[in-house]
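Asker:
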Amino acid sequence: MTELAVFLDVGEPAELTLTVHEADGIWDLEGLARPPLTTGTARATAGWTRFGVNLELAPQRFHWFRLQGPAGVAWRYAADDALGTVSSFVRPDGTLWFAPSTWARWKSMAIRLEPAPRPYSAQQAISGVARPERQVNAWISDPTQALPQWLEVRLPEPREVDTAQLLFDTQLNRINYVTPGLFRAPECVRDYLLKLEVAGQWRRVAEVSGNYQRRCEHRFEPLRATAARLTVLATNGDPSARVYALRLYREP
């Protein structure tokens, strides 16, 4: 059984219903209209309210958690938004949209799952997609493990390459309307080292300090490589290394 809890503001104790719906991707609002995978009830109290639900979450799938109850119960936004999460609300015309509104940073809700899911495997950084879609499509290192942390991509056979493209996390839910000038996303990798494995030896092809850009590209002399290793030395504040993509090319 998955232990699930939500953080609430409650005027008076009330009965709440929580339903879980599978979604085809992060933007699939229609998933909320599908029959629920499971339903749980609980008596709401201020702070964390726990629901015991019989639920096996499918790996690498998105799910909506829908909370229904009387007026006077408010589900709090999360202090930190987990990558690949959003929330929605019912507009006055009855349609759904992403919360809190169109012209603000999209937020996720305060929810806690035990055991906690960790969908941010290294494989996600070579999915070919550089933003959450049908998967999270990003590698995130364990925040309890101190930096530096590294991501290694091993090629199926030696290939000649002369370009490396890196895509980092700048929190795509944080839109330009709500960020100050000269802002640096704390999630973005700041200092890093990139090496290629050539004939069994690691060769440095890039070393960067002070980065704040989402997309970084490095060109170098053609090398016949068998692997690439990105070592994240520091971020602009976040405890985890976050990488959407590590791509290698041979430019014509």
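Residue numbers (this note's numbering): 39 to 290.
Virtual Cβ for every residue (Gly too), placed ideally from N, Cα, C.
With distances taken Cα to Cα, identify the nearest neighbour of Y287 among L268, H256 and P194.
Answerer: Selected option, being the one with the closest Cα: H256.
Asker: Got a sec, what are the start and stop residues for the beta strand (DSSP E) E255 sits in?
Answerer: Run containing E255: R253 to T273, per the beta strand (DSSP E) assignment.
Asker: Could you check the C-alpha separation between I178 and T273 for me, to the nearest Å?
Answerer: Each residue's alpha carbon lies about 12 Å from the other.
Asker: Please state the DSSP three-state secondary structure of Q98.
Answerer: Three-state DSSP puts Q98 in coil, outside helix and strand.
Asker: Suppose contacts are defined by Cβ-Cβ distances below 8 Å. Is A283 in contact with A202 by that definition?
Answerer: Result no, Cβ atoms of A283 and A202 do not sit closer than 8 Å.
Asker: Give every residue of the same chain whose Cβ lies closer than 8 Å to the Cβ of A52, excluding the five residues on either side of it in the sequence, and list them in chain order.
Answerer: Same-chain partners within the cutoff: R81, A82, G107, P108, G110 and V111.
Asker: Is DSSP giving Q162 helix, strand or coil here?
Answerer: It is helical.
Asker: Roughly how many angstroms separate the alpha carbons of I149 and F45, rounded to a whole number?
Answerer: Going from the Cα of I149 to the Cα of F45 covers about 7 Å.
Asker: Going by C-alpha to C-alpha distance, which of F221, T217 and L204 sits closest to L232?
Answerer: Ranking the options by Cα distance to L232, first place goes to L204.
Asker: Determine the closest residue to Q187 out of G69, A160, L234 and G90, with distance taken between C-alpha atoms.
Answerer: Per the Cα distances, A160.
Asker: I'd like to check one pair, R241 with L261: are the Cβ atoms closer than 8 Å?
Answerer: For L261 and R241, yes; Cβs fall inside 8 Å.
Asker: Does S125 pass the burial test, meaning 16 or more other C-beta atoms within 10 Å, or should it be called exposed?
Answerer: That one is buried.
Asker: Across which residues does DSSP place S126 in a beta bridge pair?
Answerer: Looking at the DSSP assignment, S126 forms a beta bridge with F136.
Asker: What is the DSSP secondary structure of L121, counted as helix, strand or coil?
Answerer: Of the three classes helix, strand and coil, the one that applies to L121 here is coil, per DSSP.
Asker: Consult DSSP for L93 and reduce its assignment to one of helix, strand or coil.
Answerer: Three-state DSSP puts L93 in coil, outside helix and strand.
Asker: Restricting to runs no shorter than 3 residues, where is the beta strand (DSSP E) found entirely within the segment 185-261?
Answerer: The segment 185-261 contains these whole beta strand (DSSP E) runs: 187-206, 227-236 and 239-246.
Asker: Are the beta-carbon atoms belonging to T87 and A43 less than 8 Å from one another?
Answerer: Result yes, Cβ atoms of T87 and A43 sit closer than 8 Å.
Asker: Kindly identify the DSSP beta-bridge partner or partners of A52.
Answerer: According to DSSP, A52 bridges with A82.
Asker: By DSSP, does A71 sit in helix, in strand, or in coil?
Answerer: If DSSP states are grouped into helix, strand and coil, A71 belongs with the helices.
Asker: What do you get for S247, buried or exposed, if any count of 16 or more other CB atoms within 10 angstroms of its CB means buried?
Answerer: S247 comes out exposed.
Asker: For E152, which of helix, strand or coil comes out of DSSP?
Answerer: Strand at E152.
Asker: Return the first residue and the last residue of the beta strand (DSSP E) that V167 is part of.
Answerer: Looking at the DSSP string, V167 is not in any beta strand (DSSP E), and its letter there is neither H nor E.
Asker: Helix, strand or coil: how does DSSP classify V174 here?
Answerer: If DSSP states are grouped into helix, strand and coil, V174 belongs with coil.
Asker: Does A43 come out as helix, strand or coil in the three-state DSSP assignment?
Answerer: A43: strand per DSSP, three-state reduction.
Asker: Counting C-beta neighbours from all protein chains within 10 Å, is the total for P290 16 or more, i.e. buried, or is it exposed?
Answerer: Answer is exposed; the Cβ neighbour count stays below 16.
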